[in-house]
Amino acid sequence: MIEYIKGELADAAPAMVVIEAAGVGYALNVSLNTYSAVQGKKEAKLFVYESIREDAHELFGFATKKERDLFRLLISVKGVGANTARMILSAMSPAELCNHISTGNEKLIKTIKGIGGKTAQLIIVELRDKIVTLGIQDEIPAGGTMSAPVNNAVKDEAVSALTMLGFAPAPTQKAVIQILQDNPNAAVEEVVKMALKMIK
């Protein structure tokens with residue numbers, strides 16, 4: 019079992035990063051929160067969750083143990099798979115999610131793609147006590163994001179990340195362009211976060 023991977027940050031995109039350790043490049047699926055934490059760094063240390071199925075062996079990376087703990091709790095809920103859990107952690111910070119769970123804010127949780135009313139209720143009912151027990155509720159939101167100029171690079175990277183998360187390219191591009199028009203200084207991860215709340 020892999021606890022964490024530490025090494026050179028060979029590549030970083032909003033949905034996946036590659037860390038080279040001892041000559042091996044490890045591709046790790048990440049949330050936007052983790053991407054924000056490692057962006058611009060030469061080296062990174064990510065805590066790992068291994069997802070092993072008959073048809074796939076995937077690694078998920080997290081900037082903090084608490085985010086990984088929250089991910090593990092989310093996938094313990096019926097109807098929430100690894101990619102859906104990553105989607106949830108990309109749409110909001112661990113602190114925001116814990117706040118919505120502890121206050122029973124079903125409405126905001128079900129705005130995330132792939133989360134219906136029933137699943138949102140299950141997340142709240144099953145995890146409300148657990149996040150307090152594990153101390154995840156004290157998680158501090160990720161720090162400020164880097165601003166980026168409005169250009170095609172930002173638009174293309176945001177559209178690419180959303181496409182990797184399973185959204186159709188056409189409505190995704192439309193949403194991203196609208197967001198950049200309204201928020202000209204938004205960084206890629208901010209654009210993706212806003213798009214996750216817009217695209218259905």
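Per the numbering used here, residue 19 is the first one in the sequence shown, and the count goes up by one each step. Glycine included, C-beta positions come from ideal geometry on N, C-alpha and C. Please read these numbers as outputs of a predicted model, since none were measured by experiment.
Shown here, M19 sits in coil according to DSSP, grouped into three states, outside any helix or strand. Taking every protein chain shown into account, the CB of T102 has 16 or more other CB atoms within 10 angstroms, so this residue is buried. Cβ neighbours of R104 within its own chain (closer than 7 Å, five residues either side excluded): N47, S49 and F78. Per the coordinates, the alpha-carbon of I93 lies some 30 Å from the alpha-carbon of A40.
If you draw a straight line from the Cα of Q196 to the Cα of K211, it is about 13 Å long. Put simply, the backbone Cα of K96 is about 12 Å away from that of G134. Straight-line measurement puts the Cα of G58 at about 32 Å from the Cα of K128. Exclusion of the five residues before and after F65 leaves Y22, F80, K83 and R86 as the residues of its chain whose Cβ lies within less than 6 Å of its Cβ. The residue among A213, V150 and L198 with its C-alpha nearest the C-alpha of P112 is V150. Taking 8 Å as the cut-off, the beta carbon of V98 is found no closer than this to the beta carbon of T52.
The Cβ atoms of A74 and L214 do not sit closer than 8 Å to each other. Put simply, of A28, E72 and V209 the residue whose alpha carbon is nearest the alpha carbon of A179 is V209. Counting only runs that start and end inside the stretch 166 to 216, the alpha helix (DSSP H) elements of at least 4 residues fall at 170 to 182, 187 to 200 and 206 to 216. The DSSP-derived three-state label of M110 is coil.
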